[in-house]
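The next block holds one structure in the form of structure tokens; read it before the comments.
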């Protein structure tokens, strides 16, 4: 974890959408798997509907059909 305040990453929670994280990042999943991204920003899936989990693929935008 960064200890220098200038090394902190910005994390933005988008209501109804992904969690945006300034990169590069290493994500540690609940099963212990790690996923690295060298991109300058990453969208982390918060809804778990993404086919590219843990990264967002905008699946949260799809509307749920009402019956």
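In UniProt numbering, the protein residues as written are 1 to 67.
Cβ coordinates follow ideal geometry from the N, Cα and C atoms, glycine included.
Shown here, residue 36 sits in a strand according to DSSP, grouped into three states. Scanning its chain for C-beta atoms nearer than 7 Å, with the 5 sequence neighbours on each side dropped, one finds around residue 23 the residues 37, 38, 39, 40, 41, 42, in chain order.
The beta-carbon distance between residue 35 and residue 18, rounded to whole angstroms, is 14 Å. This is too long to meet the 8 Å contact definition.
Where residue 58 is concerned, there is no enclosing beta strand (DSSP E), because DSSP gives it neither an H nor an E. Here residue 20 is actually not in contact with residue 28; their C-beta atoms are around 18 Å apart, not less than 8 Å.
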